[in-house]
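Asks: Shown below is the structure under consideration.
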Amino acid sequence: MTLPAPDLSGSIDMSHGGGGRAMARLIRDIFLRHLANPLLDQGHDATRIDAGSGRIAVTTDAHVISPLFFPGGDIGSLAVHGTLNDLAMAGARPLALTAAFIIEEGFPLADLDRIAASMGRACREAGVPVATGDTKVVERGKGDGVFITTSGVGVVPEGVDIGPRRLRAGQAILLSGPIGDHGIAILSKRQGLEFGTEIRSDSAALHRMVADMVAAVPGIAVLRDPTRGGLSATLNELAGAAGLGMQLDERAIPVRPEVASACELLGLDPLNVANEGKLVCICEGEDAETLLAVMRAHVEGRDAARIGHVTVGPAGFVCMTTAIGGQRVVDWLSGEQLPRIC
Amino acid sequence: MTLPAPDLSGSIDMSHGGGGRAMARLIRDIFLRHLANPLLDQGHDATRIDAGSGRIAVTTDAHVISPLFFPGGDIGSLAVHGTLNDLAMAGARPLALTAAFIIEEGFPLADLDRIAASMGRACREAGVPVATGDTKVVERGKGDGVFITTSGVGVVPEGVDIGPRRLRAGQAILLSGPIGDHGIAILSKRQGLEFGTEIRSDSAALHRMVADMVAAVPGIAVLRDPTRGGLSATLNELAGAAGLGMQLDERAIPVRPEVASACELLGLDPLNVANEGKLVCICEGEDAETLLAVMRAHVEGRDAARIGHVTVGPAGFVCMTTAIGGQRVVDWLSGEQLPRIC
Amino acid sequence: MKYVDEFRDRDLARTLAAAIAVAADPARDYNFMEFCGGHTHAIFRYGVHDLVPANVRFVHGPGCPVCILPARRLDDAIELAERHGVILCSYGDMLRVPGTGRRSLLKAKADGADIRMVYSTLDALDIARANPGREVVFLGIGFETTTPPSAAAIAQAQAEGIANFSVFCNHVLTPPAIRHILEVPEIDPAQAARLDGFLGPSHVSAVIGSRPYEFLAARYAKPVVIAGFEPLDVMQSVLMLIRQVNEGRVEVENQYTRVVTRDGNRKAQDLVARIFELRPSFEWRGLGSVPDSALAIRADYAAFDAEKRFALSEKQSRETKSCECPAILRGVKKPKDCKLFGKACTPETPMGACMVSSEGACAAYWTYRRLETLAEMAAE
Amino acid sequence: MKYVDEFRDRDLARTLAAAIAVAADPARDYNFMEFCGGHTHAIFRYGVHDLVPANVRFVHGPGCPVCILPARRLDDAIELAERHGVILCSYGDMLRVPGTGRRSLLKAKADGADIRMVYSTLDALDIARANPGREVVFLGIGFETTTPPSAAAIAQAQAEGIANFSVFCNHVLTPPAIRHILEVPEIDPAQAARLDGFLGPSHVSAVIGSRPYEFLAARYAKPVVIAGFEPLDVMQSVLMLIRQVNEGRVEVENQYTRVVTRDGNRKAQDLVARIFELRPSFEWRGLGSVPDSALAIRADYAAFDAEKRFALSEKQSRETKSCECPAILRGVKKPKDCKLFGKACTPETPMGACMVSSEGACAAYWTYRRLETLAEMAAE
Amino acid sequence: MCLAIPALVTELHDGAMASVSVGGIAKQISVALLDAVAVGDYVLLHVGYALHRVSEEEARRTLAMMAEAGLLQAEVAEMAQTTGLAGGAS
Amino acid sequence: MCLAIPALVTELHDGAMASVSVGGIAKQISVALLDAVAVGDYVLLHVGYALHRVSEEEARRTLAMMAEAGLLQAEVAEMAQTTGLAGGAS
Ligand code: SF4
Ligand code: SF4
Ligand SMILES: [Mg+2]
Ligand SMILES: [Mg+2]
Ligand SMILES: [Mg+2]
Ligand SMILES: [Mg+2]
Ligand SMILES: [Mg+2]
Ligand SMILES: [Mg+2]
Ligand SMILES: [Mg+2]
Ligand SMILES: [Mg+2]
Ligand SMILES: [Mg+2]
Ligand SMILES: [Mg+2]
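Chains as they are written, first to last, in the working numbering: chain P, 54 to 395; chain Y, 54 to 395; chain Z, 995 to 1374; chain G, 995 to 1374; chain L, 324 to 413; chain U, 324 to 413.
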């Protein structure tokens, strides 16, 4: 599909969201150009997908990140990766995505184009199409550049049954790589917190690695991507849902030195910082090495590590042996993560 | 599931979107309370659905309406209806919805509760669950109360094949009822345009009526809901996609007297005004009466009418015999619909 | 809707069409100028063309206050919002009109200017009351119909002491514009001779009455019918014009008797006279500088005059090149004569005001009749 | 990370733990007050408890500038943002602290106040430069460590003539607070006797040196070790205190020699002395009114003093009822002694500042050690 | 130009304001530009202001003339006189 | 209290500003509170300002003392003298 390059010198105005021709042109010139695929080309508000038989998985995430462009990605690639990963965390093979855009009046077309191009690239690399989309424009001061909500549908292979009910004491807790890269990459671009050093977001699609993991060990108990709220939120949520405890070893949890430094500087705990290309896998202890090997064979899991295990109790608590050998509770993040001076 | 009534006296702040416990509590107290269902209760970011076999349909729409509450509905019911209808327009039986919320700092919890309650009601009435969701909070001045993106998945019955490729000259164009109610209901609540008279949005779920229509006439060529951009946008899009023409009869198109009056007052063309509970059905001429009868048996299609037919040409043009018997082109809305004085 | 639906009746339209067909002499042409965009809109939206013989032709006049506002005045309005930081209140009609460099109020708004659409000057006053710390400027456009509401707003602001409210006045007058078309030879020497009569502005006459058009019959020997804006009003008025022509009468007739009288609304006229005074001349897109054709706010009310309150810079304002709006507004060209029509210029990318105003001739041809227009263009 | 990672080494921690175990006399208790929240944080985050014998106890002091700021001052800050419409710049630490009626700066922001988190006074100055039409107030909190950056900002604003910048000064001093704990009998007569020594503030001493703590040894016969904030620093300092106690020495020792000297940073001290002067007394949450314990901006710099620029109203400010923060800040109660702990009061719904500041004792017990704490509470 | 529409006055308020019904739509408008407006009057509404009264009788006459458009020659002349217009030259 | 962290000065700028590396993170800070800061110095960074120099030698000594914590009695006294502190009463 080769359309002539459109004029991208202007900016979005309300007419781009009015439902008329200006919007149709915007969709053709930007979204269809970058996201073209046979499903989207059906030209329907709702798109048919051949799921074959089997169980399907659906997911949705609204992406509201600021800044929109950051080292290692942008809101477009992030929106694709985030939703692919949520499908993968259900053990599902992603079939298709949908994407809904809420764009602020005055947003530069060139930036939108760049974002859509990045989404298209991420989709092609992942081998998963955007099947349908939607575009709304809001008045200046009623949005923040662009928000993208992506939803996803996938098929769950036979025999895969992933969820917190499957947690048992003694299971191993694996982490696919160093934590905190995404959250620190974003913070490093926020006004007043800028770093000169580039810390890249880990934003990445994990479904291929997960497919291999599920193929190697169909009985994986839990997969979860520690995004907003970081590793601490993910593990606390799981411990709470399962009514079990967890015991971590701080020294086993990989954190890049620059990320650790940034956390020291801002008074943050890396355990609370968001990731966008990492997963937590909980499995029987005897499967841990197999799964670590599978993960390490993928670039996304190169630094995978076993970071702890599930315990009978204290129920709902995540505990950790600290660097110096003491004990602490690993709590949820309280409220928003704020840099601090004390 | 009976949870104690939560405290709804406060308002949203950034911590509600931080990924920590405050957010978990918000989800439990408001979203789970109103939207609880076995799928959502899986507690996963991605939810499994048993689709059986067959083709599935997916859709997404971002809802950014202002005001959030309007006669005949609110953003919550609208978000449910809009997405159910998009699935129905593919001839699909809706299986599940997802809902992603972008909430502005300072938004009253009580309003959010009211919206979630309305979504829950709409879902129960429709018999379709919200399978998974997501919540983001943006700073004051970077949102507009709340935006809701709903996506949907459905199954397309065997033998149903709906799409603009199926259009043929001679087919009948049916409309399920009077147009313009939704757009005028919204405008009537905008600052400076208030009417004293209550015009109610037509917001409604059409999938049950569509299921009956598809059962009665599996060979329906096209179904489409004339939402943003109104009937004119829908028909122009179809005519353009099919490379055919359309001929309408202005006097056959139902418009409520109050809606017609409001359009006169504001200088709007009812053909350009949004609907949220109407559909256009294009079918073989011989099936028209059958389908009209099916529609009229539903409250949503009580005033269904045959409003025109597909023509060979002029390709891509929608023409109309006017009230006085002249001819005109029915064009897309240009840009945003603005009230005018001239 | 009373007084509306009855005047869109298909049976009555057929009766009138038959009468017009009988009355129109096939041996000659009838070229009637509808001064008003409102008539243009009604003719196209209802397909009145299709109900009159081909030799009865409509010539579209300059009666669209949006279309005739030159780029300079729009650029000034944008400057008020952007440089002076005022809340600029405008009727919806003006928002998409391109100024210099095709920049519109809507684009200025997207770029951050505080531009608000209002339905009435009453709303602009409300905005001024609600924002005492901000300057609120109402962009006053329109003919004699729309001028009294601007006058009323200024009177109200004075009575209440609303000190942050002012009007950027662009109100214009219809009779001088019509006279200009007929009188100024450099506009088009053949034009005056070609026109067989006028459909007179009805809502303007609701305020000023029909008397101000009597000069047309008296001095220029052109039949006039003050014509309502519903399609049957237009058809009946056409019938009345044809009969005047056929009978050699030259009169100001009034088809729109349910609203228009000879004297109009004296109270509104007095209020306008109290607040406004004639400008010596005003620039009209298409017509150029027309003497005594527009209003300015009197010195007594200078406090409410945005032109006096804010220093507006000198500008190199320019209309879009090769846009034929000017000739179309004078009635000497049709949209099909513009090579941009339907190509570079569409309602989404308007090059001229005639394409963006719903009352503009280009917009009407595009929206309601572009099939025929594009076919004619291809044929030529 | 150099000078950080080495001081978190597990093997060295074991060595120190062994030495402490050997040194600590099992026949007695060691009650050491860590004045600083920074120490509290390090002890809990690294589980230093688990590496010292049970008879070595940490008593948490009032060294958290967030915790000791009374509701009244926070209410004043909210008033500056809401009633005076200033841009209020604050370190992230203050945003969630509840004032009267549990209203925080974050809630005021959600309700529309313009409150901005800054990382440095440098950023607050940038905001003032970027918003010349707005008043920008920096909420100055902190001990001697954080005071020089506020002083530097005021000096810079004066040098540059940044007229819209001011500081709402809540800077407080550590030595008077420690003296107050030991001296004022109505606070708790038994307290002074119970304490066996102090872990002295290390970053405060980076600025003021160790000399200002010599009175503790000299006048109150309490051993002091100026202790770094890394967990090994704390452990080594504990060992040094135990040895002083065991040997009957009463000295000011300096564990944190890599940064602290006896004299501190004279340049910073001079700048602080130029801009600020002692307040006769200041209200501390927990300690009440403490003489000579806080700084105010000198009259020479009144233009940069938010308390002088803006009229702050009289208020009925109130701390949350039955919050035990005051007693906890004096070291006479522990979080488990508060019946709200973990029930009504959690970090998401903090009833007192000790729960919201990361340096607060309640937050530390909740975040890192609530298992044990809740168990103890259940047992009692 | 000048979108205007007939409105039925349903209530009069202070400050020369009135409630009107525009084909069933209730709206607040200004009647400051008209004298002696009464409930039950139809007025021509433009940008929130009543510009002129609408005459029921004249509307009826106009419709009647349309219905008899073929026979109308005589009546046109009559109408012109009645309304005091048609002061043409010729 | 008072979150502060060691930073390596990598570049000096006008206006008493400096570039530092905080464990590999580049950051602009103020050195207005210190005299004669040089590239290669480690400083203690707090809320964007360098508060004090960090002494490499003292850090090494401290770590060495920790490693020999069991044997340290004598050295503590020595350390106190070296730094001119320990002016205790007793
Ligand atoms: S078509 Fe466009 S460019 Fe041409 S005359 Fe009309 S408005 Fe001007
Ligand atoms: S637990 Fe909460 S209420 Fe109790 S003392 Fe601590 S901060 Fe105050
Ligand atoms: Mg859709
Ligand atoms: Mg996600
Ligand atoms: Mg859509
Ligand atoms: Mg914004
Ligand atoms: Mg996830
Ligand atoms: Mg999700
Ligand atoms: Mg839709
Ligand atoms: Mg989510
Ligand atoms: Mg807003
Ligand atoms: Mg649709």
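Even for Gly, the Cβ is constructed at its ideal location relative to N, Cα and C. On a predicted model such as this, the values are computed, not experimentally measured, just so you know.
To test your reading of the DSSP string, which unbroken alpha helix (DSSP H) runs of 4 or more residues are found completely within the segment 1008–1036 of chain Z?
Replies: none
Asks: So for L1006(Z), helix, strand or coil by DSSP?
Replies: Residue state, collapsed to three classes: helix.
Asks: I want to check one thing, is the minimum distance from the CB of E1318(G) to the heavy atoms of ligand 2 below 7 Å?
Replies: Checking the Cβ of E1318(G) against ligand 2 gives yes.
Asks: Per DSSP, R1051(G) is paired with what?
Replies: N1025(G)
Asks: Would a check of beta-carbon distances place E303(Y) closer than 8 Å to chain L?
Replies: no
Asks: Using a Cβ distance threshold of 8 Å, determine whether the segment 115–126 of chain Y contacts the segment 237–253 of chain Y, with at least three qualifying pairs required.
Replies: Enough Cβ pairs lie closer than 8 Å, so yes.
Asks: Are the CB atoms of I252(Y) and P124(Y) within a distance shorter than 8 Å?
Replies: yes
Asks: Provide the residue span of the alpha helix (DSSP H) that contains H116(Y), from first to last.
Replies: First-last for H116(Y): 108–116, but that is the beta strand (DSSP E), not the alpha helix (DSSP H).
Asks: Assuming contact is defined by CB atoms lying nearer than 8 Å, are G1280(Z) and R1252(Z) in contact in what I supplied?
Replies: no
Asks: Who are the near neighbours of S413(L) in its chain, counting only those whose CB is closer than 7 Å to its CB and skipping five residues on each side?
Replies: A caution first: S413(L) carries a pLDDT of 34, below 50, which makes its placement in the model too unreliable to give a value.
Asks: Does the contact criterion of 3 or more C-beta pairs under 8 Å hold for the segment 1299–1316 of chain G versus the segment 1044–1060 of chain G?
Replies: no
Asks: Could you tell me which chain G residues have their CB closer than 8 Å to the CB of S81(Y), listed as they occur along the chain?
Replies: In the sequence under discussion, the amino acid at residue 81(Y) is Arg, which differs from the Ser named in the question. Within chain G, no residue comes near R81(Y); the closest Cβ sits about 13 Å away, beyond 8 Å.
Asks: Residues in its own chain within less than 6 Å of V371(Y) by CB, not counting five upstream and five downstream?
Replies: L288, N289, A292, M299, V383
Asks: At least one CB of chain P closer than 8 Å to the CB of G1041(G): is that the case?
Replies: At least one CB of chain P lies nearer than 8 Å to the CB of G1041(G).
Asks: Name the chain Y residues that come within less than 9 Å of G346(L), Cβ to Cβ?
Replies: P310, E311, A313, S314, A315, E317, L318
Asks: Can you give me the C-alpha to C-alpha distance between E1318(Z) and G330(Y), rounded to a whole angstrom?
Replies: Distance between the alpha carbons of E1318(Z) and G330(Y) is about 43 Å.
Asks: List the residues of chain Y whose Cβ lies closer than 7 Å to the Cβ of I328(L), in chain order.
Replies: Chain Y residues near I328(L): E317, L318.
Asks: According to DSSP, simplified to helix, strand and coil, what is E317(Y)?
Replies: helix
Asks: Do S1352(G) and G230(P) have their C-beta atoms closer together than 8 Å?
Replies: no
Asks: Quick one: which residues of the segment 233–244 of chain P get their C-beta closer than 7 Å to a C-beta of chain G? List them in chain order.
Replies: none
Asks: Determine the chain G residues that contact L291(P) at a beta-carbon separation under 8 Å, and present them in chain order.
Replies: Result: empty, since nearest Cβ-Cβ is about 18 Å, beyond 8 Å.
Asks: Using a Cβ-Cβ cut-off of 6 Å (strictly less than) and excluding sequence neighbours within five positions of A1018(G), which residues of its own chain qualify?
Replies: If you ignore the 5 residues before and after A1018(G), its C-beta comes within less than 6 Å of the C-beta of P1047, V1050, I1236, all in its own chain and listed in chain order.
Asks: Which chain P residues sit within Cβ distance under 7 Å of A349(U)?
Replies: F248, G249, T250
Asks: Would you check whether ligand 1 has a heavy atom nearer than 7 Å to the C-beta of T1314(Z)?
Replies: Checking the Cβ of T1314(Z) against ligand 1 gives yes.
Asks: In chain G, which residues lie less than 7 Å from S353(U) when you measure between Cβ atoms?
Replies: L1116, A1146
Asks: For T375(Y), does the three-state DSSP call read helix, strand or coil?
Replies: coil
Asks: Tell me whether L1233(Z) sits in a helix, a strand or coil according to DSSP, three-state version.
Replies: helix
Asks: 8 Å is my cut-off, CB to CB: does E32(Y) come that close to chain G?
Replies: What the structure shows of chain Y is the stretch from 54 to 395, and residue 32(Y) is not part of that stretch, so it cannot be assessed.
Asks: List the endpoints of the continuous beta strand (DSSP E) containing A327(P).
Replies: First-last for A327(P): undefined, no H or E at that position.
Asks: Looking only at its own chain, which residues have a Cβ that is under 7 Å from the Cβ of S171(Y), when we skip the five neighbours before and after it?
Replies: The answer, listed in chain order, is D127, G129, S130.
Asks: Contact check, S1311(G) vs A1065(G) under 8 Å by CB: the rounded distance?
Replies: Correct: roughly 4 Å between the Cβ atoms.
Asks: For chain G, is any of its Cβ atoms less than 8 Å away from the one on V382(P)?
Replies: yes
Asks: Do three or more CB pairs link the segment 1336–1352 of chain G to the segment 335–345 of chain L at distances below 8 Å?
Replies: no
Asks: Nearest-angstrom Cα distance between Q396(L) and G1032(Z)?
Replies: A caution first: Q396(L) carries a pLDDT of 49, below 50, which makes its placement in the model unreliable, though a value can still be read off. Take the alpha-carbon of Q396(L) and the one of G1032(Z): they are about 27 Å apart.
Asks: May I ask you to check if the CB of C1058(G) is nearer than 7 Å to at least one heavy atom of ligand 2?
Replies: no
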